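For the numbering used here, add 59 to where a residue sits in the sequence shown, where the first one is 1.
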Amino acid sequence: MPHSPEDKKRVLTRVRRIRGQVEALERALEAGEPCIAVLQQIAAVRGAANGLMGEMVEIHLNDELVNGETTREQRAQRMDEIGHLLRAYLK
């Protein structure tokens, strides 16, 4: 979870944008839009989700590894956790 109000606001704005894109995708499917339009909307949703993931990873790394008061062992554990998460995300 983002700790600063600015980070939280930025992330929530991205989530709301993604929700709008998903709702537009749903409307396109319900309206029987051409496949290419649906595929473009799916690509937009995916891009937005990737952007959100990137921003959250950056916030997490900054909060936990750069600014956080952690030991070397805690940082190593957190890097291991984020590594597993990124590998799962990129599958």
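Backbone N, C-alpha and C fix where the C-beta goes; we use that ideal spot for every residue, glycine too.
All of these numbers come straight from a predicted model, not from anything done at the bench.
Are the CB atoms of residue i and residue j nearer to each other than 8 Å?
i	j	result
L84	V97	yes
A103	Q136	no
P61	V70	yes
L124	R134	yes
Exposed or buried, what is residue i when buried is set at 16 or more other beta-carbons lying within 10 Å of its beta-carbon?
i	result
Q100	buried
Going by C-alpha to C-alpha distance, which of the options sits closest to residue i?
i	options	result
R73	S63, G106 and P93	G106
K67	P93, G91 and E114	E114
I141	E128, E117 and E92	E117
L144	T129, R78 and L120	L120
R76	L149, G127, D122 and A108	A108
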